[in-house]
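In the working numbering, the protein residues as written are 3 to 95. In this text, a Cβ means the ideal position worked out from N, Cα and C, and glycines have one as well. Everything numeric in this text was worked out from a predicted model, so none of it was measured.
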Amino acid sequence: MQTRPAGAGPTHRKAVEAMDSAGPQVWDDMSVEVALSVMAAARTGRLVVCDQDSQCTALVTQRELTAIRNSSAYTDRVRLRDVLGVHAPFAAP
3 MQTRPAGAGP THRKAVEAMD SAGPQVWDDM SVEVALSVMA AARTGRLVVC DQDSQCTALV
63 TQRELTAIRN SSAYTDRVRL RDVLGVHAPF AAP
């Protein structure tokens, strides 16, 4: 999770709070299996996926990742970035 700057203005705080409520942030090079484990540990049904530049690129749900994991094309090498094409881009608040 990213920390909030101490002197953030009200608009910035609202955006950060909205991101926090969307779910934990993970990197797009994480495997689908690990992402599902993060969801289970965080007791959440969704994750915000960020790229190597810390830009939010997607919002994925447990249902979506479970469907991917259960597909015949799935292997344990599938990364979140490999499956992001099936999602609409995530617009940061």
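Check	Outcome
Mapping the DSSP letters down to three states, classify residue 60 as helix, strand or coil.	strand
Which residue wins for smallest C-alpha separation from residue 29, given the options 69, 44, 50?	50
In terms of alpha-carbon separation, which member of 55, 33, 26, 45 lies closest to residue 70?	33
With H, G and I counted as helix, E and B as strand and the rest as coil, what does DSSP make of residue 86?	helix
Is residue 34 helix, strand or coil when you go by DSSP?	helix
Which word fits residue 37, buried or exposed, when buried means at least 16 other C-beta atoms lie within 10 angstroms of its C-beta?	buried
Hey, residue 87 and residue 64 are a contact pair by Cβ (cut 8 angstroms); roughly how many whole angstroms apart?	Contact flag wrong, Cβ pair sits at about 19 angstroms.
Please list the terminal residues of the continuous beta strand (DSSP E) segment that includes residue 54.	First-last for residue 54: undefined, no H or E at that position.
Taking the C-alpha atoms as reference points, what is the distance between residue 43 and residue 35?	13 angstroms
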